[in-house]
Amino acid sequence: MAWECGIDGCGAVFEDVESAVIHQATEHERPECKVCGTIVPDGYLALRHTFNEHSRAEYVRAYGADSEDVRKREELLEEIEEVADMELIANELTR
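Here the sequence shown is numbered in full-length UniProt numbering, starting from 1 and rising by one per residue.
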């Protein structure tokens, strides 16, 4: 399965999810979390931060999201977490 970077129309395609997540974290500007102000890597890691550190209600208020937005992002997080080698990603990002 190919993984495409969906940040700002980037469209870069990767053979594995780990490469896509690493690309998002290193090649795109780091946004500020609209809930707490923390600067986080973009893409999957930004979503993971928001959904692990804050409530769904905080996400909806801060990002102007609705229940469909939340569902889509939760599904994406689950899909990535089912196949991603998080240890490999962490090791690459801490180099």
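Backbone N, C-alpha and C fix where the C-beta goes; we use that ideal spot for every residue, glycine too.
My assumption, with CB atoms under 8 Å, is that residue i sits in contact with residue j. Please give the rounded CB distance.
i: L77; j: A25; result: Wrong, their Cβ atoms sit about 15 Å apart, outside the cutoff.
i: I7; j: G43; result: 6 Å
i: E18; j: D85; result: 6 Å
Whose C-beta lies closer than 8 Å to the C-beta of residue i among residues of the same chain, with five residues either side of it excluded?
i: residue 96; result: With the chain covering only 1 through 95, there is no way to say anything about residue 96.
Does residue i come within less than 8 Å of chain B when only Cβ atoms are used?
i: I39; result: Given the protein chain composition of this structure (a single chain), no chain B is represented.
Give every residue of the same chain whose Cβ lies closer than 7 Å to the Cβ of residue i, excluding the five residues on either side of it in the sequence, and list them in chain order.
i: C33; result: V40, H49 and T50
i: R30; result: I39, V40, P41 and D42
i: A62; result: K34 and V35
Is residue i near residue j, with beta carbons less than 8 Å apart?
i: C5; j: A20; result: yes
What separation, rounded to the nearest whole angstrom, lies between the Cα atoms of residue i and residue j?
i: S55; j: M1; result: 31 Å
i: E81; j: R71; result: 15 Å
i: E74; j: V60; result: 13 Å
Excluding the 5 residues preceding and the 5 following residue i in the sequence, name in chain order all residues of the same chain whose CB lies nearer than 6 Å to its CB.
i: V83; result: V17
i: V13; result: A2 and E4
| message | Please give me, in chain order, every unbroken run of the alpha helix (DSSP H) with length at least 4 that falls completely inside the region 64-94. | response | Correct list: 67-83 and 86-93.
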